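Peer 1:
Numbering (full-length UniProt numbering), first residue to last: 1 to 1082.
The following block contains the structure:
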C-alpha cells in the first residue's frame, strides 16, 4: 500500500510490521507514531527557528517541505550561495561597491552584476592554481611577468618583477625611447650615443661611439691619465710635457716651454735660432750671436768688445775702468776714468792732497808742509816735509810761553802759573800768557781747613784756627792738608779735675768722670769750672732697685737691702737689673714652723700651715717648736665623716673608717665618706652570670633581682633565673603573626625576629624592622629602571610587580610576557603580515614601528592619503591630463592604466626611431622633405626622407640640441663653438673667434700667419714679425733695432740716449747726443 503512511512519508517494511518516516521538511503529528492519510506528515515551518535559518538581513519564506531565503533590500547573498544562512549570511551590497577586501581578498575587485557579487583579480594578479574565483581564503597571487616572459622588456634590458606589475631597466650604455616606461621588443632599449654629450671625453679628446658604450682618444700632444680608460671632465686628457719627456728636445743653448698640446723653444740669451727655424733641436741648434760684430759700439766709448760663446766681454782702455757693479759696459754705463786719488788715497804721501785729472793726478802739500826740493808729485817715498815755525820765529808764542814745533804746525805752552787767554790756542806778543789765579781756578787747591792767597805766577796757603802745617810743608793740598792740633796732649789738665779731655777735629771736648757732672751752663770744664759730684740717690730714688736703701758718697753711692732681703751673690751695688733678693727662711731653717707643719716662703718673710689632721694652737699664726701644731680629732668634730654604714676611729694626725657588716669600701678607697660611702656587696658584679644567659642582674641592698632581655621571658613560675633555669626565647612571629605588616615574611631569631619583604616590595627608607605602621612598600620597577621593558615598550607598575606593553607597531617575542633589553619588543613587519596592506599598484616598505606605501610608476595616492590601502588604493595618473602637451603637437594622447600612448594625427608620422612622441620629438608631416620645407629640420640642417619618415642632419659646424633626435624651428641645430671645444685650436700667439659654421684666427700683435695660411694651428702657428728687418730705420737714426718675440727693442749707439720717458725710439723720437763730440756745432 504505497500510501499506507500518507503523503510526504516513506514506508519501511519490517518483520510483521512497518515503520513510517516523514520526508525531509516534514514531521509526524504530535503523539502519532505511524502516519497515514488521516494523520499525515505535517510540513515543518523552518522560518520559525531562532535564530533564523536564513541568517541576519534576510527574509525566510516557508514552502512545503522546505524554505527559501531572500536578502533584505541593499543586501546580496555571498558569491555562489543560493540560500543564505547564519554561516553564509547576506552581505551589505556597499561592501562590494567599496571593494571590501574581506569579500574577495587582496589584489581583487568586486562587482555585483545582478543579485550577487563576483570577484576578479586586479591586472598583474591571477587566482591561485585551480581556483576560478578568488575570495578572502583564496586570494589573488602576483603574476611574475619576468618569469613567464623573459624577453618581455626586449633586448639589452633587465626585467624586475613587482607586485602586480614589473619594471624594465636598460643595460649600461642604453636608454629607453622617450616616454616609454616599459620597454619591449617593439620599443627596445636604444644605444646611447655618448659622444653627443658635450665634452663627455673631456677637453682635448675625440669621442667614438660604440654599441652600448664609447671610446675616447686624446688629441695630438695629449695623453690619458694613468689607469684611466675613458677620459672625462674630471679625468681629462693630460698635456704631454715634451720638455720633461726630452730635456734636450730644443737642442743645446735653448729653453723648452711646455704649452697646451705642444711646446716652444727659446734660445738662451746670446743665442738665436737658425734662419727660418721656429723649434730648435740638436740638429738645428741655437747659434751664437756675435754681439761685437752686430753692435760695434756695444761696450760704449773707451772700451774694447770681445765675442764669447753666447755672450761677449768688454775691457776698458788704459786709464779707464768699468762702473761699480758693471761687468759689460755700454753707452749707458760706459768705462769711467780711474780716480787714482780715490783708488789710492795715500798716493801723494802723507801731509798732501791728491787732485784727480783725466788719465792722471796732481799733489799739493798741506799747510805747514813744503814739497822736497825739485819734487813735483810727492809720494810715500818722497813726501811733503814739515816747516819748523819755532826756529823761524823764536818769540812767536809771546812772553811767559814756550814754543814747540809739531808736524805741520807748532804749539805754545804757557809757563807754570800762566794760562793762555780765553779762546786762544796759540799765544803771541799780542795775546800773551796771563797769570793763573790758582785760588779761583781751584778753591780747594790748599786742601781742607786752609785759606788760599793768589800771587804772581803762584799762590800761598794758611791753616785755619786749630790746624797747623804738616812738618816741612809750605803749600798744603788735598794730599798734604793742614793737620789738627791735639789740645789734650798739649795741656793734659785743660778740662780740670774729675774730667777727661777728648781731642776733636780743630778743637777738643771735656767729659766728667762717673759720678760727676759739669756745672750748669758749662760745656768745657776747667780748673776754674771743675766737674761737680752727682747725688745719685736724689737723682734716681730707685737706683738701688726695690727692697733696698740708697746712701750718697762723693762721686758715687752705696746700697743696703731691707730686712728679709740680701744682696745677690757677687753684687756690691744693687739696681733694677740686680735687685736685693728675698731670704728663704724655710730653706735657711727647715724646722722654723715646728713639727707637723709646712713652711711657705713669702716676699721678705714666710708663713706656716699645719699638716692635714693638725691645727695651730689658739691665737698662734706662725707655729714653731715651742708652739707646734696640734692633732685634730676628726671623729669628734664630724660624726658622719666616714659616711653611712661606717665607723670613725681617730688617729694621730688622721682617722680611719671601717664599714659595717655587709658593706665594703669602694674600690681604691681607704677612707669612706658621704660622697664615697661604704657599698653593699654587688652579687651581680661578683658573679655576672648569676641570672643565667639572656638576662640582666640588678643589685639590691643585700640582694639582687633578674630580668630577661628583650625577646626573652622567664620560665613559668620562676622569679630568679639562673644557668639551670634560664630565660627562654619569645617567638614574636607566633605571638603576633602580622607583626611585620602586609606583604612581608616574619622569621623568628634568638631573642628577636626579622622581617623580609615579599618579591616586588622593599622596606621604607631608614626602616630596619617593618610593621603595620611602616609596612613594605611596592617597588616601582618602571621608575627604578625606566628601560626595564627594553626599547619600544611601555612599563606599567603593578602591586609587587610590573607589566610591559609594546608600542604601536611592535610585538613581544614569541612566548615572552615581560620584554626587556635582551628580549625587546620586535618590529611588526606589516608588509609581510599583510602583503596587500597598501592596496594594489603600490609597494609596501616596512619601517621601525610602522610602514610606508609608495605607488607604482604611473600611479599616485588619492588626495590627502598618505598610506594607501585596498579602500584607498593608488590611482592611475592620467598623463594626458597632467601634461596636456606630453605627446607634442599634431598627436593624440591616450591614457592607459599606469601609463599612456601617443598616436600622430592623420597626415603626420613619428620621427624615425621615436615610439613615444614629445615636444622634442613631435609628429612630423609625412611630406616635409619632398616639399623641401626648410622649417622641417630648422635652419642649418638637412632633411633626409626615408621610408615614410625623415631624418635631420646638422650642417658642418652645427650639432643638434641635447636629447633631440630630430631638429625643428623650436629646437634648431646649434652652432659648434670650436674656440670653446679646443681653446688652442689657433696655436699659440693667436686669438680664436667663433663664427657661424666655423671660426677665425687672428694673430697677436707682433705675430703674423704663415704665407698663404688663413687658420693658424699648432702645425702652422703664427710667426714672429721681424720689425727690424721689415723696417731697418724703425728705431730712428743713431740707434740699433733688436728683434724680440712678438716685438722689438731699440738701443741707442754710444754717446746717445733715448729721450726722457721714451722706450722705443723712432724717427720722430730719435736717440739724442749726450756730449759735445756728437753735436754738429762742435
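Built from N, CA and C at the ideal position, the CB exists for glycine as well.
Here the structure is a predicted model, which means the values were calculated and not measured.
Quick check on this structure: which residue in 635, 392, 1062 and 172 has the alpha carbon closest to the alpha carbon of residue 191?
Peer 2: Locating residue 191 in the chain shown gives position 191, counting from the first residue. Ranking the options by Cα distance to residue 191, first place goes to 172.
Peer 1: Is residue 35 buried or exposed, if buried means 16 or more other CB atoms sit within 10 Å of its CB?
Peer 2: Numbered from 1 along the chain shown, position 35 holds the residue referred to as residue 35. With 16 or more other Cβ atoms within 10 Å, it is buried.
Peer 1: For a quick check, are the C-beta atoms of residue 515 and residue 556 less than 8 Å apart?
Peer 2: Walking along the chain shown from the start, residue 515 turns up at place 515. Walking along the chain shown from the start, residue 556 turns up at place 556. Going by C-beta atoms, residue 515 is nearer than 8 Å to residue 556.
Peer 1: Rounding to the nearest angstrom, what Cα-Cα distance links residue 1021 and residue 154 in this structure?
Peer 2: Position 1021 of the chain shown, counting from 1, holds the residue named residue 1021. Position 154 of the chain shown, counting from 1, holds the residue named residue 154. Rounded to whole angstroms, residue 1021 to residue 154 spans 53 Å at the Cα level.
Peer 1: Using a Cβ-Cβ cut-off of 7 Å (strictly less than) and excluding sequence neighbours within five positions of residue 1063, which residues of its own chain qualify?
Peer 2: Residue mapping note: residue 1063 aligns to position 1063 of the chain shown, counting from 1. Excluding sequence neighbours, residue 1063 sits near nothing in its chain.
Peer 1: Could you check what DSSP says for residue 646 in three-state terms: helix, strand or coil?
Peer 2: Taking the chain shown and counting its residues from 1, the one referred to as residue 646 is at position 646. Strand, per DSSP.
Peer 1: Rounded to whole angstroms, what's the CA-CA distance from residue 547 to residue 520? Just pull it up for me.
Peer 2: Indexing the chain shown from 1 puts residue 547 at position 547. Indexing the chain shown from 1 puts residue 520 at position 520. Approximately 33 Å between the Cα atoms of the pair.
Peer 1: Sorted by chain position, which residues of the same chain lie with C-beta nearer than 6 Å to residue 64's C-beta, five sequence neighbours on each side aside?
Peer 2: Working through the chain shown from its first residue, we reach residue 64 at position 64. For residue 64, where only same-chain residues beyond five positions count, the Cβ hits under 6 Å are 43.
Peer 1: Among the residues of its own chain, which have a CB less than 6 Å from the CB of residue 417, if the five just before and after it don't count?
Peer 2: The count along the chain shown starts at 1 and reaches residue 417 at position 417. So the list reads 436, 457 and 458, once near-sequence residues are dropped.
Peer 1: Using only CA atoms, which one of 910, 126 and 379 lies nearest to residue 108?
Peer 2: Position 108 of the chain shown holds residue 108. The shortest Cα separation from residue 108 among 910, 126 and 379 belongs to 126.
Peer 1: Can the beta-carbon of residue 8 be found closer than 8 Å to that of residue 40?
Peer 2: Counting from one through the chain shown, the residue named residue 8 turns up at place 8. Counting from one through the chain shown, the residue named residue 40 turns up at place 40. Their beta carbons are under 8 Å apart, which means residue 8 touches residue 40 by this criterion.
Peer 1: Taking Cβ positions, are residue 106 and residue 836 nearer each other than 8 Å?
Peer 2: Residue numbering aside, residue 106 sits at position 106 when the chain shown is read from its first letter. Residue numbering aside, residue 836 sits at position 836 when the chain shown is read from its first letter. Yes; because the gap between Cβ atoms is below 8 Å, this pair is in contact.
Peer 1: DSSP on residue 548, reduced to helix/strand/coil?
Peer 2: Counting from 1 along the chain shown, the entry for residue 548 is found at position 548. In the structure shown, residue 548 sits in a strand (DSSP, three-state: E or B).
Peer 1: Helix, strand or coil for residue 294? Go by DSSP, reduced to three states.
Peer 2: If you number the chain shown from 1, residue 294 lands on position 294. Here residue 294 sits in helix by DSSP.
Peer 1: Taking all protein chains shown into account, decide if residue 422 is buried (16 or more other Cβ within 10 angstroms of its Cβ) or exposed.
Peer 2: Locating residue 422 in the chain shown gives position 422, counting from the first residue. Flag for residue 422 reads exposed.
Peer 1: How long is the line joining the alpha carbons of residue 67 and residue 49, rounded to whole angstroms?
Peer 2: The residue given as residue 67 occupies position 67 in the chain shown. The residue given as residue 49 occupies position 49 in the chain shown. When rounded, the distance between both Cα atoms is 11 Å.
Peer 1: Between residue 199 and the rest of its own chain, which residues show a CB-CB distance below 7 Å, the 5 nearest in sequence each way excluded?
Peer 2: Working through the chain shown from its first residue, we reach residue 199 at position 199. Once the five neighbours on either side are set aside, the close Cβ partners of residue 199 are 233.
Peer 1: Am I right that residue 678 and residue 643 are in contact with their C-beta atoms under 8 Å? What's the rounded C-beta distance?
Peer 2: Residue numbering aside, residue 678 sits at position 678 when the chain shown is read from its first letter. Residue numbering aside, residue 643 sits at position 643 when the chain shown is read from its first letter. Their Cβ separation, rounded to whole angstroms, is 6 Å, which keeps residue 678 and residue 643 in contact under 8 Å.
Peer 1: Looking at the unbroken beta strand (DSSP E) that takes in residue 842, where does it start and where does it end?
Peer 2: What you label residue 842 is simply residue 842 of the chain shown in a count that begins at 1. Segment 842-847, the beta strand (DSSP E) holding residue 842.
Peer 1: By how many angstroms is the C-alpha of residue 752 removed from the C-alpha of residue 732?
Peer 2: As a working mapping, residue 732 is identified with position 732 in the chain shown. As a working mapping, residue 752 is identified with position 752 in the chain shown. In a straight line, the C-alpha of residue 732 is about 7 Å away from that of residue 752.
Peer 1: Which of the three DSSP states is assigned to residue 1066 in this structure?
Peer 2: Within the chain shown, numbered from 1, the residue matching residue 1066 stands at position 1066. Note: residue 1066 maps to coil in three-state DSSP.
Peer 1: Report buried or exposed for residue 139, applying the criterion of at least 16 other Cβ atoms within 10 angstroms of its Cβ.
Peer 2: Residue numbering aside, residue 139 sits at position 139 when the chain shown is read from its first letter. Buried is the call here.
Peer 1: Under a three-way DSSP split, which group does residue 860 fall into?
Peer 2: Translated into positions along the chain shown, residue 860 becomes position 860. Three-state result, residue 860: strand.
Peer 1: State the Cα-Cα distance for the pair residue 773 and residue 800, rounded to the nearest angstrom.
Peer 2: Numbered from its first residue, the chain shown carries residue 773 at position 773. Numbered from its first residue, the chain shown carries residue 800 at position 800. About 19 Å.
Peer 1: What is the DSSP secondary structure of residue 773, counted as helix, strand or coil?
Peer 2: The residue labelled residue 773 in the question sits at position 773 within the chain shown. Three-state DSSP puts residue 773 in coil, outside helix and strand.
Peer 1: For residue 62, which option in 78, 45 and 72 has the closest C-alpha, if you only look at C-alpha atoms?
Peer 2: For the purposes of this step, residue 62 is taken as residue 62 along the chain shown, with counting starting at 1. Out of 78, 45 and 72, 45 has the C-alpha closest to the C-alpha of residue 62.
Peer 1: Quick one: any contact between the region 972-991 and the region 1003-1017, if contact means 3 or more CB pairs under 8 Å?
Peer 2: Yes, they touch.
Peer 1: Using a Cβ-Cβ cutoff of less than 8 Å, which residues in the same chain neighbour residue 761 once the five nearest sequence positions on both sides are dropped?
Peer 2: In the chain shown, residue 761 corresponds to position 761, counting from 1. Cβ within range, chain order: 743, 744, 776, 777, 778, 779 and 800.
Peer 1: Do you know offhand how far residue 439's Cα is from residue 478's?
Peer 2: Working through the chain shown from its first residue, we reach residue 439 at position 439. Working through the chain shown from its first residue, we reach residue 478 at position 478. If you take the alpha carbons of residue 439 and residue 478, they lie about 14 Å apart.
Peer 1: Among 922, 611, 445 and 999, which one has its Cα closest to the Cα of residue 958?
Peer 2: On the chain shown, residue 958 is found 958 positions in, with the first residue counted as 1. That would be 999, whose Cα lies nearest to the Cα of residue 958.
Peer 1: When DSSP labels each residue in this structure, what does residue 580 get in the three-state scheme?
Peer 2: The residue labelled residue 580 in the question sits at position 580 within the chain shown. Residue 580 falls in the coil class under three-state DSSP.
Peer 1: Decide if residue 474 is buried, meaning its Cβ has at least 16 other Cβ atoms within 10 Å, or exposed.
Peer 2: The count along the chain shown starts at 1 and reaches residue 474 at position 474. Burial call: exposed.
Peer 1: What do you get for residue 16, buried or exposed, if any count of 16 or more other CB atoms within 10 angstroms of its CB means buried?
Peer 2: Reading the chain shown from its first residue, position 16 is the one you call residue 16. Counting Cβ neighbours within 10 Å, residue 16 comes out exposed, since fewer than 16 surround it.
Peer 1: Comparing C-alpha positions only, which one of 627, 840 and 19 sits nearest to residue 33?
Peer 2: As a working note, residue 33 is residue 33 in the chain shown. Of the listed residues, the one whose Cα sits closest to residue 33 is 19.
Peer 1: Using a Cβ-Cβ cutoff of less than 6 Å, which residues in the same chain neighbour residue 1069 once the five nearest sequence positions on both sides are dropped?
Peer 2: Within the chain shown, the letter at position 1069 stands for residue 1069. Excluding positions up to five away in sequence, the list reads 1059 and 1062.
Peer 1: Would you check if the distance between the CB atom of residue 351 and the CB atom of residue 363 is smaller than 8 Å?
Peer 2: In the chain shown, the residue the question calls residue 351 occupies position 351. In the chain shown, the residue the question calls residue 363 occupies position 363. Going by C-beta atoms, residue 351 is not nearer than 8 Å to residue 363.
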